[in-house]
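Colleague:
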């Protein structure tokens, strides 16, 4: 069930819903979603629909491109600095950007950034609770979920105006400085390389040469062990993040499956009841069931539905 906002009128916006696979929209008037005014943001809510959700790499690329930043991991967003600058981009003057700490690893400065963000949310009437205690711990899942929500919020409010992010934050670096290439995507290019001397090292053969040779071999092998160990840890961390990301996707799909199955079950029971009474099932009741919404299903941007394509197996 795809929902989107209709055109603005004199009253509250209408929520237009479209059942996937059909071309019949239904308008639900008098919804709780109100028009955006000059001093109020368009609110969005988390959704279990995963069709429009971007991967963590896509989201990081979007942030780095938009803010001239160099984040390599979702966990780095725990400082809250990126969200502060995004609010300055979306709503100029809504946040005291000069008080934000962009290059910091201190938890109390993370909290300061989130206080600025919450103050900006309150000013722009953004109905979102920021889980500061979870975000500042730098865990992937918590930061990834908040980032997914913020991307939807950004898309609903961005007017396309130009913004010089680096200049607005005074040239401060935002991110680890490694970008996506240094974040550990598991590729060989991101792994440390061992340096091999161009010429063999000649050692004197006087005295206890065999013992010296053994020591030399041991010292020569140890530098290579650290890069291999670091690369292995990075690969494990990257795979763990992928598992968490896939688990979130599965949870969303399961919730969406149960949502639509419940609708079909209600229609089935309605048809069975009317069949016993000898009359056809009322169309309006079935439409009410199909277009009903519940918490957790948001209204995405209005898009022209793509033509149906044959699936190949």
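Residue numbers (my numbering): 99 to 411.
We put the beta carbon where it would ideally sit given N, CA and C, even for glycine.
Reducing DSSP to helix, strand and coil, say where residue 268 ends up.
Modeller: For the purposes of this step, residue 268 is taken as the residue at position 170 of the chain shown. Three-state result, residue 268: coil.
Colleague: Could you name each continuous alpha helix (DSSP H) segment of 4 residues or more that falls completely within the stretch 142-204, going from the start of the chain to the end?
Modeller: 154-165, 179-188
Colleague: Drop a sphere of 10 angstroms on the beta-carbon of residue 348, count the other beta-carbons inside from all chains shown, and report buried for 16 or more, exposed for fewer.
Modeller: Residue 348 sits at position 250 when you count from the first residue of the chain shown. Per the 10 Å Cβ criterion, exposed.
Colleague: If you draw a straight line from the C-alpha of residue 153 to the C-alpha of residue 181, how long is it?
Modeller: For the purposes of this step, residue 153 is identified with residue 55 of the chain shown, where counting begins at 1. For the purposes of this step, residue 181 is identified with residue 83 of the chain shown, where counting begins at 1. Distance between the alpha carbons of residue 153 and residue 181 is about 18 angstroms.
Colleague: Please determine if the stretch 262-274 and the stretch 216-228 are in contact, where contact requires at least 3 C-beta pairs separated by less than 8 angstroms.
Modeller: Short answer: they don't touch.
Colleague: Could you name the residues of the same chain whose beta carbon sits closer than 7 angstroms to that of residue 387, not counting the 5 residues immediately before and after it, in chain order?
Modeller: Indexing the chain shown from 1 puts residue 387 at position 289. Taken in chain order, the residues that qualify are 361, 364, 365.
Colleague: How big is the Cα-Cα spacing for residue 236 and residue 380?
Modeller: If you number the chain shown from 1, residue 236 lands on position 138. If you number the chain shown from 1, residue 380 lands on position 282. Those two C-alpha atoms are separated by around 53 angstroms.
Colleague: Quick one: residues in its chain with C-beta nearer than 8 angstroms to the C-beta of residue 249, no 5 flanking neighbours on either side, listed in chain order?
Modeller: Locating residue 249 in the chain shown gives position 151, counting from the first residue. 152, 157, 160.
Colleague: Checking the sheet assignment: what are the DSSP bridge partners for residue 273?
Modeller: Walking along the chain shown from the start, residue 273 turns up at place 175. Per DSSP, 168.
Colleague: In whole angstroms, what is the alpha-carbon distance linking residue 371 and residue 390?
Modeller: Locating residue 371 in the chain shown gives position 273, counting from the first residue. Locating residue 390 in the chain shown gives position 292, counting from the first residue. Distance between the alpha carbons of residue 371 and residue 390 is about 20 angstroms.
Colleague: Which residue from 190, 229, 338, 358 puts its Cα closest to that of residue 221?
Modeller: As a working note, residue 221 is residue 123 in the chain shown. Of the candidates 190, 229, 338, 358, the one whose C-alpha sits nearest the C-alpha of residue 221 is 190.
Colleague: Where residue 233 and residue 239 are concerned, what is the direct C-alpha to C-alpha distance, given to the nearest angstrom?
Modeller: Within the chain shown, the letter at position 135 stands for residue 233. Within the chain shown, the letter at position 141 stands for residue 239. The straight-line gap from Cα to Cα measures roughly 9 angstroms.
Colleague: Which same chain residues end up closer than 7 angstroms to residue 174 when comparing Cβ atoms and leaving out the 5 residues on each side of it in sequence?
Modeller: In the chain shown, counting from the first residue as 1, residue 174 sits at position 76. Closer than 7 angstroms at Cβ, skipping near neighbours: 273, 274.
Colleague: Is it true that the CB of residue 196 sits closer than 8 angstroms to the CB of residue 210?
Modeller: The sequence position of residue 210 within the chain shown is 112, counting from 1. The sequence position of residue 196 within the chain shown is 98, counting from 1. Against a cut-off of 8 angstroms, the Cβ pair of residue 196 and residue 210 comes out as no contact.
Colleague: Can you tell me the Cα-Cα spacing of residue 170 and residue 367, whole angstroms?
Modeller: The count along the chain shown starts at 1 and reaches residue 170 at position 72. The count along the chain shown starts at 1 and reaches residue 367 at position 269. Rounded to whole angstroms, residue 170 to residue 367 spans 51 angstroms at the Cα level.
Colleague: What did DSSP end up calling residue 250 once you bin it into helix, strand or coil?
Modeller: On the chain shown, residue 250 is found 152 positions in, with the first residue counted as 1. Reduced to three states, the DSSP call for residue 250 is helix.
Colleague: With DSSP collapsed to three states, give me the class of residue 209.
Modeller: Position 111 of the chain shown, counted from the first residue, corresponds to residue 209. Of the three classes helix, strand and coil, the one that applies to residue 209 here is helix, per DSSP.
Colleague: So, is residue 212 buried or exposed, given that buried needs 16 or more other C-beta atoms within 10 angstroms?
Modeller: Stepping through the chain shown from its first residue, residue 212 is reached at position 114. It is buried - the Cβ of residue 212 has at least 16 other Cβ atoms within 10 Å.
Colleague: Taking the alpha-carbon positions, what's the residue 172 to residue 164 distance?
Modeller: Counted from its first residue, the chain shown places residue 172 at position 74. Counted from its first residue, the chain shown places residue 164 at position 66. Just so you know, the alpha carbons of residue 172 and residue 164 end up roughly 15 angstroms apart.
Colleague: Would you mind working out which of 179, 193, 357, 256 sits nearest residue 142, comparing C-alpha positions?
Modeller: In the chain shown, counting from the first residue as 1, residue 142 sits at position 44. Its Cα nearest to that of residue 142, the residue 256 stands out among 179, 193, 357, 256.
Colleague: Short of 7 angstroms in beta carbon distance, which residues of its chain neighbour residue 245, apart from the five on each side in sequence? Order them along the chain.
Modeller: Taking the first residue of the chain shown as position 1, residue 245 is located at position 147. Only 157, 172, 175 meet the Cβ criterion.
Colleague: Between which two residues does the alpha helix (DSSP H) holding residue 232 run?
Modeller: Position 134 of the chain shown, counted from the start, is the residue given in the question as residue 232. It spans 230-233 - the alpha helix (DSSP H) in which residue 232 sits, taken as one unbroken run.
Colleague: Residue 177 and residue 218 look like a contact to me (Cβ under 8 angstroms); what is the Cβ gap, rounded to whole Å?
Modeller: Here residue 177 refers to the residue found at position 79 of the chain shown. Here residue 218 refers to the residue found at position 120 of the chain shown. With a Cβ gap of about 16 angstroms, residue 177 and residue 218 do not count as contacting.
Colleague: Quick one: what does DSSP say residue 386 is sitting in, helix, strand or coil?
Modeller: For the purposes of this step, residue 386 is taken as the residue at position 288 of the chain shown. The answer is helix: DSSP assigns residue 386 an H, G or I state.
Colleague: When the Cα atoms are used, what is the spatial distance from residue 207 to residue 214?
Modeller: Indexing the chain shown from 1 puts residue 207 at position 109. Indexing the chain shown from 1 puts residue 214 at position 116. Distance between the alpha carbons of residue 207 and residue 214: 11 angstroms.
Colleague: Rounding to the nearest angstrom, what Cα-Cα distance links residue 155 and residue 269 in this structure?
Modeller: Locating residue 155 in the chain shown gives position 57, where the first residue counts as 1. Locating residue 269 in the chain shown gives position 171, where the first residue counts as 1. Roughly 24 angstroms separates the two Cα atoms.
Colleague: Would you call the CB atoms of residue 359 and residue 392 closer than 8 angstroms?
Modeller: Counting from 1 along the chain shown, the entry for residue 359 is found at position 261. Counting from 1 along the chain shown, the entry for residue 392 is found at position 294. No, these two residues do not count as a Cβ contact at 8 angstroms.
Colleague: With a Cβ-Cβ cutoff of 8 angstroms, do residue 343 and residue 242 count as a contact?
Modeller: Position 245 of the chain shown, counted from the first residue, corresponds to residue 343. Position 144 of the chain shown, counted from the first residue, corresponds to residue 242. Cβ distance < 8 angstroms, so residue 343 and residue 242 count as in contact.
Colleague: Would you identify the three-state DSSP class for residue 360, choosing helix, strand or coil?
Modeller: Here residue 360 refers to the residue found at position 262 when the chain shown is read from its first residue. Residue 360: helix per DSSP, three-state reduction.
Colleague: Cutting at 7 angstroms between CB atoms, please list the residues of its own chain near residue 179, excluding the five before and the five after it.
Modeller: Looking up residue 179 in the chain shown gives position 81. Excluding residues within five positions, the ones whose Cβ falls inside 7 angstroms are 198, 199, 200, 211, 272.
Colleague: Quick check on residue 258: does DSSP put it in helix, strand or coil?
Modeller: Here the question's residue 258 lines up with position 160 in the chain shown. Three-state DSSP puts residue 258 in coil, outside helix and strand.
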